[in-house]
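**Q** Chains A and B are the protein sequences, given in the same order.
To convert, count from 1 in the first sequence and add 10; that's my numbering.
To convert, count from 1 in the second sequence and add 10; that's my numbering.
For every residue, glycine included, the Cβ atom is placed at its ideal position computed from N, Cα and C.
None of these values were measured; they are calculated from a predicted model.
If you scroll down you'll find the structure; I have some questions about it.
Number of protein chains: 2
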Amino acid sequence: MIPSNPGRRERLRKAVFAEIHGLARHLLVEGGPDAVTISAIARAMGMSAPALYRYYRSHRDLLAALASQLYDELAGRIALAGEKSGTATVPLLAMCRAMRTWATAHPAEFRFLFASPFLAEASDAGSAFGELFLEEVARIWRHKSFPVPATNTLSPALSEQLCAYSQRTGGRLPPVAMHVFLNGWVRVCGVLNMEVLKQLDFALADAEPFYEQTLKELCAALSVQYLPVNR
Amino acid sequence: MIPSNPGRRERLRKAVFAEIHGLARHLLVEGGPDAVTISAIARAMGMSAPALYRYYRSHRDLLAALASQLYDELAGRIALAGEKSGTATVPLLAMCRAMRTWATAHPAEFRFLFASPFLAEASDAGSAFGELFLEEVARIWRHKSFPVPATNTLSPALSEQLCAYSQRTGGRLPPVAMHVFLNGWVRVCGVLNMEVLKQLDFALADAEPFYEQTLKELCAALSVQYLPVNR
DNA sequence: AACTTTAGTTAATGGCTATACGAAACTAAC
DNA sequence: GTTAGTTTCGTATAGCCATTAACTAAAGTT
């Protein structure tokens, strides 16, 4: 006989959520963000559309949950790559590579996460990712400070903002070092955004070598050793 | 009496197109890309929705026309800034500034142009802009070549693609110089994309000083004189 | 066994794209 | 000036979508 353990209902509910997420993601990959409709998901599940409102209060909420899930997946991959990187190598390199690996393996998801009109208004789309990489750069800085531009080469307006950000993040990096970090972050994100949005196709058939070259230059700027990908 | 000149119908038609474009853009700015619907435009015009199909064969076509119009506007601003820049200064600087000026003045349009799921699949979204700036860098190169990385520091896979692109664009820039150009282009686009997509808010309240610093560094890389904005 | 909660149904509203068809207006040729 | 053809618009319609309301059946609870 089957015992009616108390958590059963929740387990079933969880399974339905999982099914919804899976189908939503599948639709996103196959047909873009506009294809992720409540109707389509319900249809694929063999359910009526209004039934899905037992699980999400609105279409928006469903998309938000999907975004959050993808966000966690990417953040997880990056964190995992950082942890797994051997003691000899710098975690930052592995994290940057993990980010691109995920982005190119899942372009639709990456676009949805970073360039969707849906999240654009919600602000700070990828701020937490920035923090993730900032912490790594701060670790490198603590270990051995890298060269920074002279303070007087930065405009007062910029210095002021860098100081504020430095303070806001607990002074882990001095303002001028913060500029080095931001520069690198913009380059990494820039290449990834542009590659996924196909804004580099006009010049490069495959952006991987260019990305690696960028990482090499960033390692040089941070005075850490660059190691090629091990295959 | 009113003469029935032959061009009248075309004039009216042109006016309707202009009205559609204006309303479409207004809706884009006010409510994002999803607000640009045939119905909403028709409603604002006091027309029935099907009537708009006399002007555009589909919703997609309308959005494509809107994108093309915005594209032309931005390209025009950039070209104009390049022409108007005084003989003492480098056009490239003015063009980069014009691009950011437009982007920040019209964030909704810029997002629609560069980060919309609509154009992402259509490929080479902003390739022509890259060409625009490439020509400027080539002009600088012809005038006085800037320092380039040693060929052996670039991976063969990257060198090969740079060679191909160099050839494809008429050899205006040698492959290693092409890498310098691409690096700069990624940084400029990266900052702009991230600023408009609010991916820099976590660090910078105002991205303008950071953008100017980026331009300063690019000028240094291209061995041209950086001039602050004249006010 | 009675009550409550949960998960699903159908029906209905209103917005959207898109097509088909008809009426009016305009154009041009006779 | 009349007539035939073209262009532009409206109405009607079909199909998709989100969302709500009312209802039902099953499962869990007491």
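1) Which whole-angstrom value is the C-beta distance of B:G92 and B:E146, which I expect to be below 8 Å?
2) Is there at least one Cβ from chain A nearer than 9 Å to B:M11's Cβ?
3) Whole angstroms are fine: how far does the CA of B:L129 sit from the CA of B:G136?
4) Would you say B:V201 lies against chain A (beta-carbon separation less than 9 Å)?
5) Quick check on DSSP: helix, strand or coil for B:L237?
6) Counting only beta-carbon atoms, is A:H153 nearer than 9 Å to chain B?
7) Take B:Q235 and list the residues in its own chain whose beta-carbon comes closer than 6 Å to its own, dropping the five residues that flank it on each side.
8) Roughly how many angstroms lie between the CA atoms of A:V46 and A:A118, to the nearest whole one?
9) Under 8 Å by Cβ, that's how I've got B:A74 and B:A61 pegged, so tell me the actual separation to the nearest angstrom.
10) Nearest CA to the CA of B:G194: which residue from B:E20, B:V26, B:L144?
11) Pair every Cβ in the segment 179 to 188 of chain B with every Cβ in the segment 176 to 195 of chain A, then say whether three or more of these pairs are closer than 8 Å.
12) Alpha carbon to alpha carbon, what distance is there between B:K94 and A:R243?
13) So, does the CB of B:H36 fall closer than 9 Å to a CB anywhere in chain A?
14) Can you give me, in chain order, the residues of the segment 218 to 230 of chain A that have a beta carbon less than 9 Å from any beta carbon in chain B?
15) Is the separation between the beta-carbon of A:A108 and that of A:L90 shorter than 9 Å?
16) Would B:V201 and A:V196 be called neighbours here (beta carbons separated by less than 9 Å)?
17) What are the boundary residues of the alpha helix (DSSP H) that includes B:M204?
18) Measuring CA to CA, which of B:I48, B:V39, B:L38, B:E83 is closest to B:R67?
19) Counting only beta-carbon separations shorter than 9 Å, does B:V158 have a partner in chain A?
20) Among A:S169, A:V26, A:Q171, A:Q223, which has the Cα closest to the Cα of B:A160?
21) To the nearest angstrom, report how far apart B:E40 and B:H116 are at their CA atoms.
22) Pick from A:A125, A:R149, A:F156: whose alpha carbon is nearest that of A:C199?
23) How many Å lie between B:T114 and B:V206 at the Cα?
24) If distances are taken between C-alpha atoms only, which option among B:T163, B:A174, B:R121, B:H153 comes closest to B:K208?
25) List the residues of chain B whose Cβ lies closer than 8 Å to the Cβ of A:Q235, in chain order.
26) For B:A50 versus B:L33, is the C-beta spacing smaller than 9 Å?
27) Specify the secondary structure class of B:G56 as computed by DSSP and reduced to three states.
28) 9 Å is my cut-off, CB to CB: does B:H31 come that close to chain A?
29) For A:L223, report the span of its alpha helix (DSSP H) as first-last.
30) For B:C229, which option in B:D71, B:A104, B:D82 has the closest C-alpha, if you only look at C-alpha atoms?
31) Taking a cut of 9 Å between CB atoms, which residues from the segment 184 to 201 of chain B lie near chain A?
32) Just to confirm my understanding: we take A:M204, look at its own chain, exclude 5 residues before and 5 after, and list those with CB closer than 7 Å. What are they?
33) For B:P1, which residues in chain A fall below 8 Å Cβ to Cβ?
34) Could you please tell me which residues of the segment 157 to 180 of chain A, in chain order, have their CB closer than 7 Å to any CB of chain B?
35) CA-CA distance, A:P127 and A:L38?
**A** Inspection of the coordinates gives the following:
1) 7 Å
2) With a pLDDT of 35 at B:M11, under the threshold of 50, the modelled position of that residue is not reliable, and no figure is offered here.
3) 10 Å
4) yes
5) coil
6) no
7) none
8) 12 Å
9) No, B:A74 and B:A61 are not in contact; Cβ-Cβ is about 19 Å, not under 8 Å.
10) B:L144
11) no
12) Examination of residue 243 of chain A is not possible in this model, given that chain A is present from 11 through 241 alone.
13) no
14) E218, P219, F220, E222, Q223, T224, K226, E227
15) yes
16) yes
17) 185 to 206
18) B:I48
19) no
20) A:Q223
21) 11 Å
22) A:A125
23) 7 Å
24) B:R121
25) None at all; the shortest Cβ gap to chain B is about 15 Å.
26) yes
27) coil
28) no
29) A quick correction: the sequence has Gln, not Leu, at residue 223 of chain A. Where A:Q223 is concerned, the enclosing alpha helix (DSSP H) stretches over 218 to 231.
30) B:A104
31) M188, H189, F191, L192, N193, W195, V196, R197, V198, C199, G200, V201
32) L210
33) Since the first residue of chain B shown is 11 and the last is 241, residue 1 of chain B is not available in this structure.
34) L164, S165, A167, L168, Q171, Y175
35) 14 Å
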